[in-house]
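Trainee:
Numbering (our numbering), first residue to last: 6 to 312.
(1) Just to confirm my understanding: we take residue 191, look at its own chain, exclude 5 residues before and 5 after, and list those with CB closer than 6 Å. What are they?
(2) Tell me the DSSP bridge mates of residue 173?
(3) Using the beta-carbon count (16 or more within 10 Å), is residue 179 buried or exposed?
(4) So, helix, strand or coil for residue 161, using DSSP?
(5) Between the C-alpha atoms of residue 88 and residue 241, what's the straight-line distance to the nearest angstrom?
(6) Just grab the DSSP bridge partners of residue 119 for me.
(7) In angstroms, rounded to a whole number, what distance separates the CA positions of residue 80 and residue 293?
(8) Under 8 Å: do the segment 111-122 and the segment 60-68 share three or more Cβ pairs, one atom per stretch?
(9) With distances taken Cα to Cα, identify the nearest neighbour of residue 175 among 195, 278, 244, 129.
(10) Where does residue 4 fall in DSSP's three states?
(11) Out of 53, 161, 46, point me to the one whose CA is closest to residue 108's CA.
(12) Grouping DSSP H, G and I as helix and E and B as strand, with all else coil, what is residue 243?
(13) Report yes or no: do three or more beta-carbon pairs, one from the segment 251-267 and one from the segment 84-104, lie closer than 8 Å?
(14) Within 8 Å, do at least three Cβ pairs link the segment 255-275 to the segment 204-216?
(15) Just curious, the alpha helix (DSSP H) that residue 134 is in, first and last residue?
(16) If residue 318 and residue 85 are in contact, beta carbons under 8 Å, what's the gap, nearest whole angstrom?
(17) Would you mind sorting residue 189 into buried or exposed? The rule is 16 or more other CB atoms within 10 Å of its CB.
(18) Taking the beta carbon of residue 278 as the centre, do at least 16 other beta carbons fall within 10 Å, making it buried, or is it exposed?
(19) Out of 267, 51, 47, which has the shortest C-alpha to C-alpha gap to residue 165?
(20) Helix or strand or just coil, what does DSSP make of residue 301?
(21) Assuming residue 194 is part of the alpha helix (DSSP H), what are its boundary residues?
(22) What three-state label does DSSP hand residue 29 in the structure shown?
(23) Measuring only the C-alpha atoms, how far is residue 32 from residue 236?
(24) Between which two residues does the beta strand (DSSP E) carrying residue 88 extend?
(25) What would DSSP say about residue 290, mapped onto helix, strand or coil?
(26) Taking C-alpha atoms, which residue in 57, 148, 282, 261 lies nearest to residue 299?
(27) Taking the beta strand (DSSP E) that residue 224 falls in, what are its first and last residues?
(28) Measuring alpha carbon to alpha carbon, tell me which residue in 295, 167, 142, 135 is nearest residue 220.
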């Protein structure tokens with residue numbers, strides 16, 4: 006009996022070791038150190054040198070102090086730069102958060118947070134960004150920019166994103182699903198059909214931002230995919246369904262500023278999809294204030310379409 010027990014213990018220890026190795030392989034050694042060991046986390050204090058830029062200028066920001074999917078970030082940055090060039094906009098791509106200072110932020114009409122993760126701004130940088138946005142700047146958050154399980158900066162998740170991430174599909178990971186376009190007039194979704202079937206990693210949130218008065222552009226039909234997170238073997242997969250109201254893309258006003266978040270875009274292939282590129286182009290143009298609806302600094306900070 007003692008020998009059987011000892012053998013069983015060794016088997017379980019070996020199993021956990023293999024699972025650990027598999028987990029590191031799955032999410033990457035750098036991700037393990039940042040997420041679980043809090044090592045490799047950096048804060049930037051020396052601002053980058055900006056090139057000469059024509060108006061409007063877009064800042065593409067992809068710093069990660071948490072999870073990082075490098076292939077996705079590279080593909081997205083490349084696509085965003087190309088879209089800016091095609092539309093005659095200037096762009097500057099950086100992972101140096103020290104660019105979040107009053108002087109340099111003033112040179113940009115919009116900032117795209119491309120799958121940023123973890124706590125990336127110092128208190129002064131937070132203040133500069135919040136002031137810039139409220140005074141009429143534009144924010145576009147892509148995928149991982151709203152995908153942290155917890156946030157040190159509560160304003161960012163509670164007010165800017167407006168919804169707390171709770172998990173993403175892992176059973177299987179990448180799935181085909183049906184999206185429902187609720188608003189076909191907003192620049193980000195203009196001209197789209199009422200349904201959009203595509204393949205991606207699908208996020209879930211603690212609650213829909215619709216209850217806060219945020220304007221939902223796209224939802225996902227949970228009957229079209231399996232909304233579960235089945236990461237741990239021998240454990241029942243976690244149900245991450247939200248029900249009938251499961252938004253993936255929405256916008257709202259922050260004072261005079263414009264903010265749009267899209268949970269789409271985990272796979273590098275997403276940034277070669279014509280319709281997804283159309284969405285990104287429309288989102289950036291709107292965030293830069295080039296298209297309506299506009300935002301004002303009225304006390305309710307709600308939409309005011311002046312068209």
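Glycine included, every Cβ here is placed at the ideal spot set by N, Cα and C.
Every value quoted in this text rests on a predicted model; they were computed, and no experiment measured them.
Mentor: This is what the structure holds:
(1) 222
(2) 208
(3) exposed
(4) helix
(5) 43 Å
(6) 147
(7) 22 Å
(8) yes
(9) 244
(10) Residue 4 is absent from the structure shown; the chain starts at 6 and stops at 312.
(11) 53
(12) Of the three classes helix, strand and coil, the one that applies to residue 243 here is strand, per DSSP.
(13) no
(14) yes
(15) 128-139
(16) For residue 318 there is no data in the structure shown, the boundaries of the chain being 6 and 312.
(17) A residue is called buried when at least 16 other Cβ atoms come within 10 angstroms of its Cβ; residue 189 does not meet this threshold and is exposed.
(18) buried
(19) 267
(20) coil
(21) Counting along the chain, residue 194 falls outside any alpha helix (DSSP H), and DSSP gives it neither H nor E.
(22) Only weak support exists for where residue 29 lies, its pLDDT of 37 falling under 50; the value from the coordinates is given anyway. Residue state, collapsed to three classes: helix.
(23) Because the pLDDT at residue 32 is just 48, under 50, the model does not fix this residue reliably, and the point stays unresolved.
(24) Residue 88 -> not in any beta strand (DSSP E); alpha helix (DSSP H) instead, spanning 75-91.
(25) helix
(26) 261
(27) 220-226
(28) 167
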